[in-house]
Amino acid sequence: MALLGNDPTAIAYTGPRFPGGPDSLQALLTRVQRQAGPALTGEVFLRLELDNQGNTQKSYFLMPPAGSPAFALISMPAVQALAGQLVQQLPTWQLVTGAPGQNKSAPITVTLPLLFGQATLPTALNYSDENPTFPGQKVQRRLIPNLGYYVQTQVRYPVDDLRHGRQGVVYAYFEVSETGALEQRRIVGSVSPTLDAEVLRVLNSLPNALTPPRQQGRPVRVGYVQPFTFRIQ
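Below you can see the structure in the form of structure tokens.
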């Protein structure tokens, strides 16, 4: 789930909720992943587009960086079949409407990890009741409390990509631990090597959270998939 939204004061999670909560979602993902054969190892990310009722109307894999193990995985019939089984088992998501800072024109999306191999079973939840909070960042001596806005001000369009008209959405993954530490920062949806590198540069500059994610009052580890849009005007 994306974290860096438009509302600097948002603590409560306002995205789609899985019936039974994030632990139930993780249990479903684990059951599907365990159906994979021993030859499948690695991770891919499945993007869902929901309708206004919370039903899945479209699903597709994020395009991994070229040459990565995940790049080969998404074209394997076994992986595509498991993704199809997962989508068929998904219930209607519970949607929150009218939340402060919610972008009503944005599509309703969910991004789910599929991790294959016993060593890579997920330990991070996909969302939690409370988002982590981050310290304000200074931009030109001005304190910016909104981390999403800060990130946008730091991303620079690589000259080579501008020259060749490359544009699209880069998806970055990171986890916020029970202590608030940002970990496992990486690119999971690619546009070009230089755009990917620019997003990773900014992601690596982000501070640890002041407070960790919380589920029912307890600190938990949560994984976030954050989109970065590059568009040539």
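Number 1213 in the numbering used here belongs to position 111 of the sequence shown; there are no gaps in the numbering.
Even for Gly, the Cβ is constructed at its ideal location relative to N, Cα and C.
For P1215, the pairing in a beta bridge is given by DSSP as F1147. In the pairwise beta carbon analysis, the stretch 1149-1162 is classified as touching the stretch 1184-1196: at least three pairs are separated by under 8 Å. DSSP places L1297 in no beta strand (DSSP E) but in the uninterrupted alpha helix (DSSP H) bounded by P1295 to S1307. In the three-state reduction of the DSSP assignment, V1253 falls in the helix class, which pools H, G and I. Between F1147 and T1213, the gap from beta carbon to beta carbon is short of 8 Å.
Rounded to whole angstroms, the gap between the alpha carbons of D1298 and A1274 is 8 Å. Exclusion of the five residues before and after I1113 leaves E1232, N1233 and T1235 as the residues of its chain whose Cβ lies within less than 7 Å of its Cβ. Secondary-structure assignment with DSSP links S1161 through a beta bridge to L1150. In this structure L1184 does not touch V1324 by the C-beta definition: roughly 23 Å separates them, more than the 8 Å allowed. Rounded to the nearest angstrom, the gap between the Cα atoms of I1289 and L1175 is 16 Å.
Judged by DSSP secondary structure, A1274 falls within the beta strand (DSSP E) whose first and last residues are G1270 to V1278. The stretch 1304-1324 makes contact with the stretch 1277-1295; the number of CB pairs closer than 8 Å reaches 3 or more.
Judged by pairs of C-beta atoms under 8 Å, the stretch 1251-1264 touches the stretch 1297-1317, as three or more such pairs exist. Boundaries of the alpha helix (DSSP H) around V1181: P1179 to Q1191.
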